[in-house]
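Worksheet: the structure to be examined is printed underneath.
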Amino acid sequence: MIVTAAITKDLAPNGVLRASINLGNPVLAQGTPTTPAGITVDIAREVGARLDVPVELVCFDAARKSYEAMTAGRADMCFLAVEPAREAEVAFTRPYVVIEGVFAVPRDSAFTTVADVDRAGVRIGVKRGSAYDLFLSRTLQHATVVRGEEAVDEFRAQSLEVAAGIRQPMSEFVATHPEVRLIEGRFMQIQQAVGTTTTRRPETVQFLRDLVEELKASGFVADALRRANQSDALVAPPG
């Protein structure tokens with residue numbers, strides 16, 4: 005893959021590639037703002053290596069903050085779920101990882117399927133600005149979204165009927181809270197992709213898209229997931 009000086013200048017105009025990292029999604033990133041780790045950190049460093057520029061990891065605790073940094077010009081590259089509400093500002097690659105959105109309910113809830121949830125009077129706790137917040141906000145017909153800093157916190161504090169979240173942390177939550185259970189099945193697939201602003205040159209966006217496909221095909225993504233103690237079954241199919 006040929007990386008031209010124009011691509012490097014376009015993606016890292018200050019000579020440093022600033023990558024926004026969402027530590028709020030434990031599948032994608034782990035650790036602390038000073039010592040982050042995980043697949044998004046590995047991909048950011050690989051992009052920097054291809055451009056031959058240093059990488060600055062700008063860490064946040066929520067996807068919406070990572071998105072805001074990207075759109076405000078405080079980051080050059082981001083790792084976000086592909087959602088229509090974001091595509092006006094962010095040019096995405098194909099996904100490198102696909103994760104699942106699931107519902108948790110009180111153990112004695114009458115809800116047994118994902119379809120049971122969307123009914124009048126049902127309140128669903130979500131993390132504000134997350135991919136599943138955006139998805140549920142545009143797809144629910146009857147149920148109501150309740151936004152907070154953490155979905156399970158709102159679920160417990162307000163005695164909500166349902167909490168929505170990513171399968172891995174939600175499974176951990178249920179394992180330590182026997183009064184709560186997961187509804188079998190997923191309500192959405194969350195396609196995690198690399199993004200940059202839509203103002204970038206077409207060849208710059210294509211460079212990122214080609215690189216993501218290369219990293220999936222070469223085993224880079226699977227290896228990064230395993231190093232982070234995540235399942236390599238999460239690797240997205242070829243684009």
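The opening residue of the sequence shown carries number 5 in the working numbering; numbering runs sequentially from there.
Every residue gets a Cβ at the ideal spot worked out from N, C-alpha and C, and that includes glycine.
Nearest residue (CA-CA) to residue i, options the options
| i | options | result |
| --- | --- | --- |
| PRO110 | LEU27, ALA226, LEU186, VAL239 | LEU186 |
| LEU229 | ASP14, VAL7, ASP46 | ASP46 |
| LEU55 | VAL121, THR12, LEU32 | THR12 |
| VAL94 | ALA108, TYR100, ALA114, ALA73 | ALA73 |
| PRO173 | HIS146, PRO58, ALA108, ASP137 | ALA108 |
| GLY35 | VAL57, THR117, GLN210, ASP65 | ASP65 |
| PRO17 | GLN234, THR203, PHE224 | THR203 |
N- and C-terminal bounds of the beta strand (DSSP E) containing residue i
| i | result |
| --- | --- |
| THR201 | 192–201 |
| VAL118 | Counting along the chain, VAL118 falls outside any beta strand (DSSP E), and DSSP gives it neither H nor E. |
| VAL225 | Segment 224–231 is the alpha helix (DSSP H) holding VAL225; no beta strand (DSSP E) there. |
Check whether residue i and residue j have beta carbons under 8 Å apart
| i | j | result |
| --- | --- | --- |
| ALA226 | ASP214 | no |
| ILE103 | ILE6 | no |
| GLY129 | VAL101 | no |
| MET81 | ALA147 | no |
| ARG90 | GLY243 | no |
| ASP137 | ARG151 | yes |
| PHE139 | GLU217 | no |
| ILE25 | VAL59 | no |
| PHE115 | VAL198 | no |
| GLY133 | MET192 | no |
| GLN196 | LEU32 | yes |
| ALA135 | ALA67 | yes |
Bridge partner(s) assigned by DSSP for residue i
| i | result |
| --- | --- |
| ALA23 | LEU61, MET81 |
| ILE170 | GLY105 |
| ARG151 | VAL130 |
| GLN34 | ALA41 |
| PRO88 | PRO88 pairs with nothing; no bridge assigned. |
| ARG185 | VAL109 |
| ALA73 | Looking at the DSSP assignment, ALA73 forms no beta bridge with any residue, so it has no partner. |
| ALA95 | THR200 |
| VAL239 | VAL101 |
Residue i, enclosing alpha helix (DSSP H) - first and last residue
| i | result |
| --- | --- |
| LEU138 | 135–143 |
| THR12 | 9–15 |
>> I want to know whether the segment 37–51 touches the segment 158–169 - three or more CB-CB distances under 8 Å.
In response: no
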